[in-house]
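So the sequence shown is numbered by the working numbering: it starts at 1 and just counts up by one.
The beta-carbon is built from N, C-alpha and C at its ideal position, and this holds for glycine as well.
Since the structure comes first, as structure tokens, the remarks are kept for the end.
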Amino acid sequence: MTTYKLLLLPGDGIGPEVMGEAERIVAWMNGRGLASIETETDLVGGCAHDAHGQAISNATMDRALAADAVMLGAVGGPKWDGVPYDQRPEAGLLRLRKDLELFANLRPAICYTALADASSLKRDRVDGLDIMIVRELTGGVYFGEPKTISDIGNGQKRAIDTQVYETYEIERIATVAFDLARERKRLVHSAEKRNVMKTGVLWNEVVTKIHKERYGDVTLHHILADNCAMQLVRAPKQFDVIVTDNLFGDMLSDEAAMLTGSLGMLPSASLGAADERGHRHALYEPVHGSAPDIAGQGVANPIATIASLAMCLRYSFFLGETADRIDAAIARVLDQGLRTADIKQDGCRTVGTRAMGEAIVAALDGGS
Ligand code: NAD
């Protein structure tokens, strides 16, 4: 059995609390002989700033580069509001994304049957929803140059952001989306604005070419990004994988995520390019932040972090079956009526972070 190195960066606020429950699952897997995962724990964010004046140290970055995967809890909090901009907790996360060259952000939107009533849409629209948004993360209008605000006289200013995409950037993100679709329902929607944007024209051209050359077994639909936003609230279950650029992906992934209810339920993965062995740098993290309002109380929902661990097993450790078991155990615990405070419902039992983690482990054992 391959031994994988997993670097844990719990971070600030509720980060250590929710990460503790992911560690509980890792210990369960190692104990049952289902995996061989060696963990190391290090600092990122505000706690790293407190320890050595930087949101992530070079030594921690070296560990992240050497690991098979990195899991992050959350960073930030009011304690660090006054620290210099380049030392703020989020700088640690941004450096991880940059130095690991994580160009593909994967955000699943899964609606568990037991939570379908928590969605802002009607139950029948979202019950059983399972879609994956693949967002290009390192290019596009957030990074393109020129990016300026200049004085143009008469009390007027001009602000410029530049949307730039090159062929290779579109090729590699499309490849991630098509590969994922092969493990799912073999359906990809590529969202852009080719009707008004040159980058949309190139995006469409490159995705079409990759599809024709290598992914004839996957169905590809092109969709304008604004229509995609509408369709996500009209009939979200028509989608399987949606691939899109950085800007549209930012919007569409938040929209899709909220179809499913609480922030405490949402995992994510950010992936780099695969090497010749199929290994890629990867960072797994819940979508939520450090939740300073509930930190230290033992009430945070650990499901987003545990589901992020399941993504890590699937995409970095090639343990898809164990990942399926974890996802099923989460669904089973929700079906049994256990809820953390953020997803509490009438007739259900409200439990804390630790009890939720323990219940998921018990469900894993029950399902073996
Ligand atoms: P947040 O996600 O931390 O919290 C928003 C609300 O959701 C809060 O009421 C919180 O209690 C609740 N919540 C979040 N996660 C939860 C969980 N697992 N269980 C139960 N309830 C949960 O967002 P915010 O309040 O805007 O930001 C707080 C801090 O987190 C800020 O410093 C922000 O910069 C940082 N942040 C970090 C990340 C990250 O590390 N990736 C992401 C977003 C925000």
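One alpha carbon belongs to Leu247, the other to Asp151, and they sit about 26 angstroms apart. According to the DSSP assignment, Ala235 belongs to no beta strand (DSSP E), since it is labelled neither H nor E. At least one heavy atom of the ligand NAD lies less than 7 angstroms from the C-beta of Glu285.
In this structure, DSSP gives Gln297 a state outside helix and strand, which the three-state scheme calls coil. Across the structure, Arg182 and Gly366 are spaced so that their CA atoms are roughly 30 angstroms apart. Proximity to Cys47 across Met132, Glu21, Asp81 and Pro89 peaks at Pro89, based on C-alpha coordinates. Residue state for Ser190 is assigned as strand, using DSSP reduced to three classes.
In this structure Gly264 is in contact with Thr340, their Cβ atoms being roughly 6 angstroms apart against a cut-off of 8 angstroms. If the five residues before and after Ala304 are omitted, its C-beta is found closer than 8 angstroms to the C-beta atoms of Val18, Leu263, Gly264, Met265, Leu266, Pro267, Pro286, Val287 and His288, all from its own chain and listed in chain order. The beta-carbon distance between Arg172 and Phe103, rounded to whole angstroms, is 6 angstroms. This is short enough to meet the 8 angstroms contact definition. The three-state secondary structure of Glu183, taken from DSSP, is coil.
In terms of Cα proximity to Asp124, the closest of Gly347, Ile306 and Lys237 is Lys237.
No heavy atom of the ligand NAD is found nearer than 7 angstroms to the CB of Asn105. Contact between Glu136 and Gly249 holds, with the beta-carbon distance rounding to 6 angstroms and staying under 8 angstroms. Gly337 and Leu115 do not touch by the CB rule: their CB atoms are close to 11 angstroms apart, not below 8 angstroms. Relative to the ligand NAD, the beta carbon of Ala91 is positioned no closer than 7 angstroms to any heavy atom. Cβ-Cβ distances below 6 angstroms link Leu7 to Glu40, Arg63, Ala64, Ala67 and Val70 in the same chain, with the five nearest sequence neighbours on each side left out; the list follows chain order.
The criterion of a C-beta distance shorter than 8 angstroms is not satisfied by Trp28 and His49. For Val70, the uninterrupted beta strand (DSSP E) run begins and ends at Ala69 to Ala74, by DSSP. Sixteen is the threshold: since fewer than 16 other Cβ atoms of the shown chains lie within 10 Å of the Cβ of Asn154, the residue is exposed. Take the alpha-carbon of Gly298 and the one of Gly357: they are about 11 angstroms apart.
Judged by pairs of C-beta atoms under 8 angstroms, the region 269 to 285 touches the region 92 to 102, as three or more such pairs exist.
If one requires a minimum length of 3 residues, the beta strand (DSSP E) runs lying completely within the region 256 to 283 are 267 to 274, in chain order. Apart from sequence neighbours up to five positions away, the residues of its chain that approach Ala363 with a beta-carbon distance below 6 angstroms are Ala329, Arg332 and Val333, ordered along the chain. Taking a contact to require three or more Cβ pairs closer than 8 angstroms, the region 9 to 18 and the region 300 to 320 qualify as touching. Spanning the alpha carbons of Lys5 and Thr60 requires a straight line of approximately 14 angstroms.
Rounded to whole angstroms, Ile343 and Asn58 show a C-alpha spacing of 38 angstroms. Assignment of Arg32 by DSSP, reduced to helix, strand and coil, places it in the coil class.
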